[in-house]
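Q: FYI, the numbering for the sequence shown is 2 to 336, going by the working numbering. Note that beta-carbon positions come from the ideal geometry of N, C-alpha and C, so glycine has one too.
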Amino acid sequence: MADVFISYKREEQANVRAIAAALEANGYSVWWDPQLELSTTSYPKQIWEALQNAKAVIVVWSTRSIESDWVTGEATEARRRQTLVQVRINAVDLRPPFNMLECADLSGWTGAASDANWSKALARVRSLCGSAKGGGDAQRFDVNRLHPLVAEAVREARLAEASALANQEKGQRAAEAAELSAARARAGAFGTHSRTYDSGVYEGEGFVDSQGTGVWKAKGGAVFKGDFESGSQSGYGVVMYAADEAILRYEGQYFGGRPNGCGVTTWRDGDRYFGRHQQGAPSAFGVFHWQKGGRYEGEISNWAASGFGVNWDEDGLGGAVGRWENGKLVEAMTR
Numbered sequence: 002m003a004d005v006f007i008s009y010k011r012e013e014q015a016n017v018r019a020i021a022a023a024l025e026a027n028g029y030s031v032w033w034d035p036q037l038e039l040s041t042t043s044y045p046k047q048i049w050e051a052l053q054n055a056k057a058v059i060v061v062w063s064t065r066s067i068e069s070d071w072v073t074g075e076a077t078e079a080r081r082r083q084t085l086v087q088v089r090i091n092a093v094d095l096r097p098p099f100n101m102l103e104c105a106d107l108s109g110w111t112g113a114a115s116d117a118n119w120s121k122a123l124a125r126v127r128s129l130c131g132s133a134k135g136g137g138d139a140q141r142f143d144v145n146r147l148h149p150l151v152a153e154a155v156r157e158a159r160l161a162e163a164s165a166l167a168n169q170e171k172g173q174r175a176a177e178a179a180e181l182s183a184a185r186a187r188a189g190a191f192g193t194h195s196r197t198y199d200s201g202v203y204e205g206e207g208f209v210d211s212q213g214t215g216v217w218k219a220k221g222g223a224v225f226k227g228d229f230e231s232g233s234q235s236g237y238g239v240v241m242y243a244a245d246e247a248i249l250r251y252e253g254q255y256f257g258g259r260p261n262g263c264g265v266t267t268w269r270d271g272d273r274y275f276g277r278h279q280q281g282a283p284s285a286f287g288v289f290h291w292q293k294g295g296r297y298e299g300e301i302s303n304w305a306a307s308g309f310g311v312n313w314d315e316d317g318l319g320g321a322v323g324r325w326e327n328g329k330l331v332e333a334m335t336r
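1) Within its chain, find whatever has a CB closer than 7 Å to the CB of Lys218; leave out the 5 residues flanking it on each side and keep chain order.
2) Would DSSP call Met1 helix, strand or coil?
3) State buried or exposed for Asp270, treating a residue as buried only when at least 16 other CB atoms are found within 10 Å of its CB.
4) Tell me, please, which residues DSSP counts as bridged to Trp304.
5) Applying the criterion that 16 or more other CB atoms from any shown protein chain within 10 Å of the CB defines a buried residue, is Phe275 buried or exposed?
6) Do the stretch 51-61 and the stretch 163-176 touch if we need at least three Cβ pairs shorter than 8 Å?
7) Rounded to whole angstroms, what's the CA-CA distance from Ala26 to Val216? Just pull it up for me.
8) Grab me the residues of Ala247's own chain with a C-beta within less than 7 Å of its C-beta, minus the 5 sequence neighbours each way, in chain order.
9) For Trp119, does the three-state DSSP call read helix, strand or coil?
10) Taking a contact to mean a Cβ-Cβ separation below 8 Å, would you say Gly213 touches Phe229 in this structure?
11) Whole angstroms is fine: what's the gap from Glu300's alpha carbon to Glu204's?
12) Which partner residues does Met241 have in the DSSP bridge list?
13) Among the residues of its own chain, which have a CB less than 8 Å from the CB of Thr64, if the five just before and after it don't count?
14) What did DSSP end up calling Gly205 once you bin it into helix, strand or coil?
15) Using the C-alpha atoms, what's the distance from Gly320 back to Leu150?
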């Protein structure tokens, strides 16, 4: 299990990504909900187990999360277990009993390791977790230790990962809107359609000659929820693939009926990809997070590492660095 559990409101995912990256750079393993394991275990059970097994629980307070029963419940349990670390990312007034406890103000934090308020939060984590894995002053996933060409590719991959996370949220919102449109279509609302075609069933707005949101259920078992234009998935959305496919879902940008742009692909075995997609496949720059630990950051082509990149070990202190072709390292490169 991870050293640190982060509790937050999904809308603040970008802020949490920065916190998680800073913790990882200091040698701590981090659990937050994009890392939900893909299994028969229900999401609430996975969250609860991760919370109970974490040595430190960072609660990210905001004007949104203060209204969340989930975040408040997780904060209450962390306080009971004496693992609570509080931070705020905007001007939110905490409620009893949390307003009587220390809370680091990260509302102006830019990710700098030297920031006094971040140092305060990190000190609390260290007091609960002890020395980070790897020890010493070595930074995990440190791009500055890489060959310049690889480092440049990794930076591009991390930018693509950040865009993928933002588009994942947009895809999820589009899917929620699509479900409402589908419900309206089933009720016969004006401007919606509920029709059966040779290849599947569509319920929602527009479809053939207009744009809107809806749900497409293919005969093969795949289900897309999101934006449509002229009968094709275009915009943002979520697709759940058929049960016999290795991929579980994709969340993010679509164009021409396929994943195109930045998004998140999740496999049934737990591997995940955050980054750019072209014609349905991970391509250009992105990050693979391996279910068994570690990750690849860099250039991608047709589902595999191709170009400059690094396949980090689980501890983030070493790995295979250099030029890749079809998922294999063909030229090792050192700084």
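A: Let me lay it out:
1) Correct list, in chain order: Gly201, Val202 and Val224.
2) The question about residue 1 has no answer, for the chain in this structure spans 2 to 336.
3) Result: exposed.
4) Answer is none; Trp304 lacks a bridge partner.
5) By the neighbour-count rule (16 or more Cβ atoms within 10 Å), Phe275 is buried.
6) Touching, no, given that fewer than three Cβ pairs across the two stretches are closer than 8 Å.
7) Near 41 Å, if we compare the C-alpha coordinates of Val216 and Ala26.
8) So the list reads Trp268 and Arg269, once near-sequence residues are dropped.
9) Residue state, collapsed to three classes: helix.
10) Closer than 8 Å, so yes.
11) Roughly 38 Å separates the two Cα atoms.
12) The bridge partners DSSP lists for Met241 are Val224 and Arg250.
13) The answer, listed in chain order, is Asn91, Ala92 and Val93.
14) Residue state, collapsed to three classes: strand.
15) Taking the straight line joining both Cα atoms gives about 16 Å.
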